[in-house]
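Chemist:
4 protein chains.
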Amino acid sequence: MSLHYGRRLMSIPGPSVIPERVLNAMHQPSPNIYEGALVDLTETLFPDLKTVARTRGALAIYVANGHGAWEAAITNTLSKGDKVLVLGTGCFAISWGEWGKTTGIEPQVLDFGMSSPADPTKLEEALRADKTHDYKAIFVTQTDTASSVKNDIPALRKAIDASGHPALFMVDCIASLGCERFEMDAWGVDLMVAGCQKGLMVPPGLSFVFANDRALAARKTADLATSYWDWVPRMNPAGFYQNFAGTAPTHHLLGLREALDMLVHEEGVEQAWARQELFGKAIWAAVDAWGADGGDLTMNVRDPASRSRVVTCIKTSNGNGTKIRRWCEDIAGLTLGIGLGMAPEGSPEWHNAFRIGHMGHLNVPMVMGTLGTIDSALKALAISHGNGALEAASQVISEV
Amino acid sequence: MSLHYGRRLMSIPGPSVIPERVLNAMHQPSPNIYEGALVDLTETLFPDLKTVARTRGALAIYVANGHGAWEAAITNTLSKGDKVLVLGTGCFAISWGEWGKTTGIEPQVLDFGMSSPADPTKLEEALRADKTHDYKAIFVTQTDTASSVKNDIPALRKAIDASGHPALFMVDCIASLGCERFEMDAWGVDLMVAGCQKGLMVPPGLSFVFANDRALAARKTADLATSYWDWVPRMNPAGFYQNFAGTAPTHHLLGLREALDMLVHEEGVEQAWARQELFGKAIWAAVDAWGADGGDLTMNVRDPASRSRVVTCIKTSNGNGTKIRRWCEDIAGLTLGIGLGMAPEGSPEWHNAFRIGHMGHLNVPMVMGTLGTIDSALKALAISHGNGALEAASQVISEV
Amino acid sequence: MSLHYGRRLMSIPGPSVIPERVLNAMHQPSPNIYEGALVDLTETLFPDLKTVARTRGALAIYVANGHGAWEAAITNTLSKGDKVLVLGTGCFAISWGEWGKTTGIEPQVLDFGMSSPADPTKLEEALRADKTHDYKAIFVTQTDTASSVKNDIPALRKAIDASGHPALFMVDCIASLGCERFEMDAWGVDLMVAGCQKGLMVPPGLSFVFANDRALAARKTADLATSYWDWVPRMNPAGFYQNFAGTAPTHHLLGLREALDMLVHEEGVEQAWARQELFGKAIWAAVDAWGADGGDLTMNVRDPASRSRVVTCIKTSNGNGTKIRRWCEDIAGLTLGIGLGMAPEGSPEWHNAFRIGHMGHLNVPMVMGTLGTIDSALKALAISHGNGALEAASQVISEV
Amino acid sequence: MSLHYGRRLMSIPGPSVIPERVLNAMHQPSPNIYEGALVDLTETLFPDLKTVARTRGALAIYVANGHGAWEAAITNTLSKGDKVLVLGTGCFAISWGEWGKTTGIEPQVLDFGMSSPADPTKLEEALRADKTHDYKAIFVTQTDTASSVKNDIPALRKAIDASGHPALFMVDCIASLGCERFEMDAWGVDLMVAGCQKGLMVPPGLSFVFANDRALAARKTADLATSYWDWVPRMNPAGFYQNFAGTAPTHHLLGLREALDMLVHEEGVEQAWARQELFGKAIWAAVDAWGADGGDLTMNVRDPASRSRVVTCIKTSNGNGTKIRRWCEDIAGLTLGIGLGMAPEGSPEWHNAFRIGHMGHLNVPMVMGTLGTIDSALKALAISHGNGALEAASQVISEV
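Chains as they are written, first to last, in our numbering: chain A, 171 to 570; chain B, 171 to 570; chain C, 171 to 570; chain D, 171 to 570.
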């Protein structure tokens with residue numbers, strides 16, 4: 171018998187749950203793109219997005235996914251042959267560096283594996299070793315969506331400062347923006363990339379590059395920018411269409427306006443961070459309990475301080491990761507994320523990981539519904555697990 | 171801090187959660203009401219609704235809420251001064267009888283209190299005592315939404331048959347149709363009333379009266395029917411508008427078509443009943459666990475056989491019912507049902523009951539999310555409760 | 171070849187075009203019906219609906235179509251055997267009277283045919299002749315949707331006053347409310363019925379009865395009201411559910427709130443009346459031009475003062491009415507209204523009428539699009555018509 | 171008084187009117203992007219898009235607007251320093267060439283002004299003159315959205331063939347795809363770019379590059395492609411995410427599926443072309459009539475054969491273009507397109523042009539509503555115009 175005949179819950183690490191209000195805001199006839207309401211609305215997006223990013227820097231919005239924002243970040247700041255130091259803590263910073271190879275940059279990876287954050291000491295060492303300042307930029311993710319490692323951005327900045335190295339500090343917040351505390355200016359981040367489909371609660375299709383004065387200055391010497399990626403006209407548009415290097419993404423703008431109303435003007439960014447933090451802890455408490463007493467579930471990231479607040483990667487044995495996902499999807503009405511990068515796709519080990527996405531539009535019934543469904547799956551599949559996981563989570567939540 | 175910034179979950183005993191597909195099906199321009207697609211679509215609703223009700227009888231659809239369907243049932247079958255035997259097991263059969271007083275019928279209540287089902291033996295006695303067959307009809311609910319008592323309709327029918335009494339057996343399935351097993355023809359129900367906003371998953375605004383041959387025969391002598399309620403033209407329309415005694419409820423018809431596609435043609439009615447049954451048991455398991463060891467939560471209905479599969483009324487002390495509801499609503503993002511009829515509204519005792527609605531569009535994350543949120547509330551409010559409630563529920567679900 | 175592959179235009183006399191904003195407002199999850207936003211919203215509907223009706227009287231809202239409102243009007247004010255004088259100017263006042271027969275009232279029709287308004291002089295005569303004041307009420311439509319006759323409500327009131335007759339003056343504004351000037355209090359109307367699906371721009375499913383003190387007083391002696399129709403608890407609810415005699419029509423209330431925002435708070439009722447007046451004149455100018463020089467189209471109502479501002483009934487020969495409708499529907503993407511009541515359905519003459527609905531959510535492209543499409547049909551079907559119809563209409567509009 | 175209180179009509183040259191069905195199809199929760207329905211759906215888009223483009227070639231879909239597709243076309247086929255011959259017939263081919271300068275290509279414009287199509291003879295001459303075959307590509311628009319010039323793509327191909335020049339023939343169909351006859355393979359077009367927001371009836375956010383074998387071969391030597399624009403993995407994805415170089419544009423894919431159902435599987439592409447052709451002729455007939463007898467409106471493009479079927483640029487004197495647009499927008503509820511490129515923005519002459527967009531989701535009431543509203547504006551503003559424009563248009567349509 172199947173029990174999924176209700177409102178399906180998506181607990182994947184993005185695209186995240188879209189608020190009904192955002193979908194409604196996008197259910198609109200085509201607007202005029204030359205003047206009027208859409209043009210006015212677009213202007214209001216910039217300050218609100220900067221509020222979310224905690225920056226007074228500049229912002230370019232791209233009709234592109236996050237990989238497009240990576241390319242924009244690279245091409246506006248770097249030149250052919252530039253070296254980049256990549257801090258590998260999962261899949262995505264490494265992919266970002268690889269992505270840039272077609273533009274001619276040369277990434278070098280300092281790899282911290284799939285379960286640990288970047289070590290500031292090793293970063294400092296690497297930078298000190300680069301006496302000729304060949305590294306023009308450092309790439310890192312705040313949250314690596316694959317490993318669910320969270321990097322300590324302020325600590326990495328301190329390491330850079332300690333080394334005296336001038337490389338641009340470039341952070342990928344695609345998974346985390348709006349969910350995990352991030353203070354671009356206070357933390358000394360030079361450039362940050364993000365997308366609309368995770369903490370910003372809009373269907374995929376827009377991405378963002380935030381740049382401070384150091385990053386803007388780099389643009390003057392960078393020789394890679396093409397007309398589409400060039401952020402100069404986007405940041406200083408002579409006409410509305412230059413904001414988007416062509417036709418505006420009308421419906422995404424409508425959706426983003428509604429999402430920012432919710433995040434910035436109703437809940438508030440600080441409160442959203444705190445909510446996500448609490449939900450993260452509730453989920454960890456459940457997973458830790460499942461894993462106790464020889465239970466088959468293990469947190470991929472041991473140290474709570476290094477665990478992402480928006481995604482949790484869980485390891486199992488015996489292909490149980492996939493079995494749990496299948497039961498939740500087919501029988502129960504819950505979609506969980508596949509493991510990513512923990513093992514070669516298709517290998518038996520690949521089935522030993524899954525991820526819970528817990529980002530953005532999220533409340534108690536959604537968190538407890540996700541955990542309760544996994545608990546049902548463990549029992550249904552007779553997978554070994556410790557007791558009390560759900561109450562461990564509800565206990566954390568109750569301490570709100 | 172508030173944690174409700176996600177997709178709010180409504181676990182009230184109706185109007186129930188509307189599937190996104192149904193809302194989309196209703197998001198349509200006005201159709202032509204004289205010919206074409208809407209006229210064709212309407213014809214398909216009748217057989218599918220009868221499939222849900224398990225009847226080959228006749229059906230009238232009303233633009234009205236459930237109270238309108240009560241009036242239609244009364245006025246099409248009864249006459250001024252007719253006596254009706256009402257089986258009181260909460261609020262709603264009694265209200266149905268009261269409702270009819272303005273038409274001139276005379277309800278007499280056989281009251282079984284707020285926590286027990288109608289006793290077939292007592293019904294048989296009452297009918298045998300009515301040697302002159304003054305009772306023209308018997309009113310009962312399958313599920314009383316207030317008390318969450320479930321009546322044993324086949325057993326009551328047997329009692330009627332045993333008594334040899336000719337009164338029409340009229341059942342209110344407003345809360346339960348599509349969720350609890352109900353077999354109109356096989357069980358010998360003469361007339362049944364239902365609404366669209368519970369198990370049928372459409373916003374309130376339509377109600378239904380199903381009638382078998384005995385009920386149709388009663389129409390011939392009944393003298394109360396007015397033009398609006400008269401089911402004769404509705405059941406035998408000379409033109410499309412007669413289906414609805416005037417303008418068709420266009421968007422409700424569109425929504426109902428989609429909902430019936432889901433219930434009848436995709437999931438199947440038998441499977442929906444089984445799903446609801448399992449979810450009911452999961453919820454009872456949790457409430458029983460919370461109430462163990464002196465916990466403050468008690469099932470209003472002791473005997474599982476007499477518990478509704480679509481709503482659960484829970485009793486507390488110290489006004490905790492309202493406190494739990496408030497925490498869930500304001501902090502967590504879950505709306506629970508108020509207690510109804512368990513104590514005078516506004517009295518301190520009124521706050522000692524609440525209800526979980528679990529009808530219709532419902533899956534595992536919704537059930538476990540509801541229970542998990544209540545568990546968080548109990549802990550946050552330091553309300554005494556037994557352990558293991560959530561896992562007791564997930565255990566039940568795992569045995570699917 | 172078909173040319174209908176665009177946004178279909180409905181120019182039928184109701185259900186009228188629903189604004190996209192109203193559909194969006196209805197695209198919502200089920201709300202809490204016990205407290206909170208929906209309860210607050212509902213309270214705001216009453217004053218705004220009274221603003222539209224220009225009354226300080228009382229208002230009851232019914233989950234019912236317009237025929238239900240007819241029944242509510244009858245049962246709250248009249249008693250078995252009461253005589254009613256019906257002013258026949260098409261189909262609907264006569265139907266209203268017929269509708270009441272099942273309740274025991276006795277309608278007597280003063281028939282003015284299918285193309286003329288009620289004559290105040292004849293009304294005065296009829297009332298003077300009723301020396302025993304047997305008529306307890308007078309039924310009339312402001313606009314008869316079938317004939318497109320508009321009655322002169324203030325003139326009829328004057329006739330009643332001149333006769334000194336105490337009958338209640340009851341007006342059906344189902345087609346016209348919000349579109350044609352109507353001043354319930356200033357014009358001395360005692361009771362008015364309306365629906366939500368025409369000038370109020372919401373899908374069918376709600377209807378309204380407005381009552382002044384005289385009508386309210388009649389309630390005290392009327393003996394027909396049943397629990398569902400009784401307006402007393404609806405007008406003086408002890409609890410929210412009494413507003414609707416049971417479950418609130420949640421999504422209709424959401425839609426109506428949006429529609430009233432548009433009509434009352436954005437455009438303004440006076441402005442809406444003026445807009446509809448101008449569009450009516452534009453349409454008449456076109457039809458008059460098509461009919462000139464032996465053209466086959468004729469206005470059903472000759473005198474502009476007696477023409478409805480919301481619907482226009484047009485007569486043809488040779489079944490051309492249906493041919494025009496078919497071409498517009500099948501080839502062009504425009505749905506026109508069928509003729510109603512002008513000839514027996516199915517007879518050859520029945521095909522010699524059609525109607526243009528022009529009520530509610532209407533602007534210049536919609537009016538000119540309707541007329542332009544009909545003009546194309548006339549040419550495509552080689553139906554004789556005068557020249558210059560479209561420019562006659564655009565000329566009227568240009569004089570805004 | 172304002173008359174715009176109805177369903178606003180957008181007759182701008184894109185983003186075009188989005189069908190309600192497409193908006194509904196996009197009103198969906200986030201789907202799973204790793205497996206299941208969305209992945210399956212995406213595969214079906216490719217053959218249908220190729221059916222629209224009449225090609226068996228390859229297709230890459232970009233999360234980008236049309237300017238992004240320009241960049242993709244350039245970077246996948248050309249190398250730094252490559253010369254491109256641009257056929258200027260308005261704004262957009264010239265912009266395409268300019269756009270490429272940042273990548274290092276060198277556009278050379280053969281300019282045919284703002285009102286004439288590219289002359290095949292001159293193209294042939296230019297190509298013959300390029301004896302060293304420096305031109306690696308020829309850029310041209312099928313319809314230039316600014317001027318509303320339509321180029322004769324087959325004739326240009328013949329000129330290229332006659333010259334024996336090997337340059338790639340690259341056509342921008344952003345405005346015209348799905349509306350104007352276009353046969354990529356039969357006409358010998360090597361590469362074509364398009365967007366989703368015009369004839370494909372989806373909100374802006376996706377663009378397309380179609381490539382035949384010659385274009386694919388050029389990829390092997392082209393040295394400009396970056397990871398985001400590189401079409402190789404997009405055309406030969408190892409995993410689903412490679413189709414979009416990262417996160418899939420979930421909601422656009424849902425919308426596009428619905429739009430292609432309408433265009434390809436319901437109406438059919440040939441029929442859509444014919445419909446658009448007829449509507450174009452109807453609009454031209456109206457404009458020609460307005461311009462007769464000294465009227466102030468003139469078609470920008472004289473020769474019907476060179477007029478776009480999707481947009482019509484109209485010239486006026488005395489700033490009447492803007493006045494007409496303003497009246498239609500503010501008073502009537504119709505939005506027309508501004509003039510583009512006909513005069514410097516802000517200059518008095520700039521106000522002497524406007525455009526009617528007539529692409530995509532379009533039927534008779536929309537066309538006649540657009541024209542009828544403009545006719546009202548001409549009369550309201552006392553702008554000199556010839557008579558009979560509307561009937562000239564309805565005459566054309568009647569000959570369907």
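For each residue, glycine too, the CB sits at the ideal point set by N, CA and C.
1. For a contact meaning CB atoms closer than 7 Å, what does T540(C) contact in chain D?
2. Let me make sure I understand the geometry here. Which of M371(C), G425(C) and W401(C) has the alpha-carbon closest to that of N382(C)?
3. Please list the partners that M171(C) has in chain D, where partner means a Cβ-to-Cβ separation under 9 Å.
4. For A459(C), which residues of its own chain have a beta-carbon under 6 Å away from its beta-carbon, when the five flanking residues on both sides are left out?
5. Using the beta-carbon of each residue, which ones in chain C are nearer than 8 Å to R389(B)?
6. List the residues of chain A that A550(B) touches, going by C-beta distances under 8 Å, in chain order.
7. Counting only C-beta atoms, is P189(C) closer than 8 Å to chain A at any point?
8. Compare the C-beta of V233(A) against all C-beta atoms of chain D and say whether one is closer than 8 Å.
9. Checking contacts by CB at 8 Å: is T492(D) closer than that to chain E?
10. For chain B, is any of its Cβ atoms less than 8 Å away from the one on H422(D)?
11. Which word fits R479(A), buried or exposed, when buried means at least 16 other C-beta atoms lie within 10 angstroms of its C-beta?
12. Mind checking N235(D): buried by the 16 CB within 10 Å criterion, or exposed?
13. Name the residues in the segment 222-250 of chain D whose C-beta lies less than 7 Å from a C-beta of chain A; which are they?
14. How would you label E436(A), buried or exposed, when you count the other beta carbons within 10 angstroms and need 16 or more for buried?
15. Going by CA-CA distance only, name the one from S377(C), L179(C) and L424(C) that's closest to D210(C).
16. Could you check what DSSP says for E276(B) in three-state terms: helix, strand or coil?
17. For a test of the three-state rule: what should DSSP assign to S318(D), helix, strand or coil?
18. Along chain D, which residues have their Cβ under 7 Å away from the Cβ of H174(C)?
19. Using beta-carbon positions only, say whether K253(A) and Y305(A) come within less than 8 Å of one another.
20. With a cut-off of 8 Å on the beta carbons, I'd call G176(D) and M469(C) a contact; round off their distance for me.
21. Could you tell me the distance, in whole angstroms, from the CA atom of H531(D) to the CA atom of P199(C)?
22. Just to confirm, are G365(C) and G348(C) a CB contact at a threshold of 8 Å?
23. Is K493(D) helix, strand or coil by DSSP?
24. Work out the CA separation of H521(D) and P514(D) for me, nearest whole Å.
25. Using three-state DSSP, classify I182(C) as helix, strand or coil.
26. Is the shortest distance between the beta-carbon of H528(C) and the beta-carbons of chain B less than 8 Å?
27. What does R427(B) touch in chain A if you count any residue whose Cβ is under 8 Å from its own?
28. Could you give the DSSP three-state label for T225(C): helix, strand or coil?
29. Spatial neighbours of M362(D) within its chain, please: CB distance less than 7 Å, with the 5 preceding and 5 following residues excluded, ordered by chain position.
30. Relative to the C-alpha of T273(A), which candidate in L257(A), T247(A) and G283(A) has its C-alpha closest?
31. Three-state secondary structure (DSSP) at V341(D)?
Modeler: Here's the rundown:
1. P535
2. W401(C)
3. Q441, A444, R445, L448 and V570
4. G556, G558, A559 and A562
5. Correct list: empty, because the minimum Cβ distance to chain C is about 13 Å.
6. I567, S568, E569 and V570
7. no
8. yes
9. Absent here is chain E; the protein component of the structure consists of chains A, B, C and D.
10. no
11. buried
12. buried
13. V233, A234, N235, G236, H237, G238 and E241
14. exposed
15. L424(C)
16. strand
17. coil
18. N533
19. yes
20. About 23 Å; that fails the 8 Å criterion.
21. 30 Å
22. no
23. helix
24. 10 Å
25. coil
26. no
27. Per Cβ cutoff of 8 Å: no residues; R427(B) is ~17 Å from chain A at best.
28. coil
29. A223, V341, C343, M354 and F380
30. T247(A)
31. strand
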